[in-house]
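See structure below.
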Amino acid sequence: MKTLLVILCGWSVAAALAADVYQPDPDHTFAWFEFNHAGYSLQRDRFDKVNASVSLDLQNQTGSVEASVDVNSINTGSSRFNQVLLSDAFFDVARFPVMTFKSSRFSFDRLDNVTAVEGDLTIKGITRPVTLSVTHYKCMMHPMLHRLVCGLNATARVSRSDFNLGKYVPLVSNDITLYVSIEAIQQ
17 MKTLLVILCG WSVAAALAAD VYQPDPDHTF AWFEFNHAGY SLQRDRFDKV
67 NASVSLDLQN QTGSVEASVD VNSINTGSSR FNQVLLSDAF FDVARFPVMT
117 FKSSRFSFDR LDNVTAVEGD LTIKGITRPV TLSVTHYKCM MHPMLHRLVC
167 GLNATARVSR SDFNLGKYVP LVSNDITLYV SIEAIQQ
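Written out as structure tokens, the structure is:
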């Protein structure tokens, strides 16, 4: 029994060491969303402060990500509209200052490219499963940092009413398209 325990512990440590850990470059990591505003236009707004920890094991085609978004960092281009979205009618930032995403599964193609990231998105204390479809993925040596950097763009569709953000539906679309851009540096 002791031998089995030592083997399992050793395997767990080896598996953990096989994955590379990446930290996001805050100047190149953002989350934004797009919605139809009363049929007049598609509006795009973003969050400027995204933090994440990414673990990636290309050899075994596994990965994980835990991300948090500072809701106060919303940037619509209008301080008045920022305040509306931060109010209790929408994001209720006083009670829910952070949104989170925690992955449950990475999908890869046969060239080791990440194609999707499944996980749980939590907004206003409500958690729903979300699949981020990867539209761009690349890892390579950064020419100035001389370290491996991985970049990823991904998108997903969610219903804002699923997260208690449904004010003014259907005048303002319930369906929201989420976008994520991240460049993460190997640690």
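17 is the number of the first residue of the sequence shown in our numbering; add one for each residue after it.
From the three backbone atoms N, C-alpha and C, an ideal C-beta is built for every residue, glycine too.
Asked	Found
Among the residues of its own chain, which have a CB less than 6 Å from the CB of I139, if the five just before and after it don't count?	M115, F179
So what does DSSP say about Q75, is it helix, strand or coil?	coil
State buried or exposed for Y142, treating a residue as buried only when at least 16 other CB atoms are found within 10 Å of its CB.	The identity of residue 142 in the sequence shown is Ile, whereas the question assumes Tyr. Result: exposed.
When burial is assigned at 16 or more other CB atoms within 10 Å of the CB, is G208 buried or exposed?	Summary: the structure shown does not reach residue 208, with the chain confined to residues 17 through 203, and so no result is reported for it.
Measure from the alpha carbon of S149 to the alpha carbon of each residue in D108, L194, L164, then state which is nearest.	L194
Tell me, which residues are paired with H53 by DSSP?	S57, V188
With DSSP as the reference, label P42 as helix, strand or coil.	helix
Is T138 helix, strand or coil by DSSP?	strand
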